[in-house]
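Participant: One gets my numbering by counting positions in the sequence shown from 1 and adding 945 to each.
Built from N, CA and C at the ideal position, the CB exists for glycine as well.
Pasting in a structure now, in structure tokens, and then I'll have a few things to ask.
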Amino acid sequence: MSQSTVAGTVGDRAESHAINQAILDGMLRDCCLALMADYGLPATQQDDAEVDDKSAVAIAAIDFSGRDLRGTIALRMTATVVLETYRAAVGTVIRMDSPEALDWTCELANQLVGRLKNRLRNYQVSFSVNTPRLLQLFPVAELERALRRRFVCDGGKFAGYLDVMIASGFVFSASPPAAPLADEGDLVLF
946 MSQSTVAGTV GDRAESHAIN QAILDGMLRD CCLALMADYG LPATQQDDAE VDDKSAVAIA
1006 AIDFSGRDLR GTIALRMTAT VVLETYRAAV GTVIRMDSPE ALDWTCELAN QLVGRLKNRL
1066 RNYQVSFSVN TPRLLQLFPV AELERALRRR FVCDGGKFAG YLDVMIASGF VFSASPPAAP
1126 LADEGDLVLF
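Structure (structure tokens):
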């Protein structure tokens, strides 16, 4: 194989990787914003330099896997965001140390991965989702290497993280899904 072919192949892979990462980054941003907006917390993106990590936080993560990609999505929120979204959804106030708050933290991460999965249907990508789990410690080293988007809203601060491995040679290519996409929150029976 000639050097130009090898260089072209490496260049094509790098370009494909950049395209894939940009698509996923945009989806992560849009899914995080839409999730919180649905609970009455419109947000704005926050620069990394503006981040204050001293607030009490709740973190939930979910692993997913499919033929074309696998990884982990995580949602990190200040306690106030967890409590405010719960109040907006259920109409009652809870304490952060309650079982409901812990469950709700996982539920929000579950809704985030569901939104991502729904958007990926436009690219004919599907994956299985594991059970959400709470992270007791903030795995800084792992999550900070991932795609991440940080936000601030009236209820506090939150961040979405997406650590993903994409199958070799796979490039996102948009095509209409075989069936219409369900609206977020709709019940879909298989």
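Between Thr1030 and Leu986, which are expected to be in contact by the criterion C-beta below 8 angstroms, what is the C-beta distance as a whole number of angstroms?
Facilitator: Your numbering for residue 1030 matches position 85 in the sequence shown. Your numbering for residue 986 matches position 41 in the sequence shown. That belief holds up - the Cβ atoms of Thr1030 and Leu986 are roughly 7 angstroms apart, short of 8 angstroms.
Participant: Tell me whether Leu1107 sits in a helix, a strand or coil according to DSSP, three-state version.
Facilitator: Working through the sequence shown from its first residue, we reach residue 1107 at position 162. Residue state, collapsed to three classes: strand.
Participant: Beta carbon of Phe1117, beta carbon of Val1074: below 7 angstroms?
Facilitator: For the purposes of this step, residue 1117 is taken as the residue at position 172 of the sequence shown. For the purposes of this step, residue 1074 is taken as the residue at position 129 of the sequence shown. Between Phe1117 and Val1074, the C-beta gap is not smaller than 7 angstroms, which leaves the two residues out of contact.
Participant: What does DSSP give as the partner residues of Gly1101 in its beta bridges?
Facilitator: Taking the first residue of the sequence shown as 1, we reach residue 1101 at position 156. Beta-bridge pairing links Gly1101 to Cys1098.
Participant: Starting from the C-beta of Ile964, find all residues in its chain whose C-beta is less than 8 angstroms away, skip the five residues before and the five after it, and write them out in chain order.
Facilitator: Stepping through the sequence shown from its first residue, residue 964 is reached at position 19. Excluding sequence neighbours, Ile964 sits near Val1116 and Phe1117.
Participant: Which term fits Ala1006, buried or exposed, when burial requires 16 or more other beta carbons within 10 angstroms of its beta carbon?
Facilitator: In the sequence shown, counting from the first residue as 1, residue 1006 sits at position 61. Result: buried.
Participant: Using 8 angstroms as the cut-off, can you tell me whether the segment 1096-1107 makes contact with the segment 1065-1080, which would need three or more C-beta pairs spanning the two stretches below that distance?
Facilitator: The count of Cβ pairs closer than 8 angstroms, one atom from the segment 1096-1107 and one from the segment 1065-1080, stays below three, leaving the stretches out of contact.
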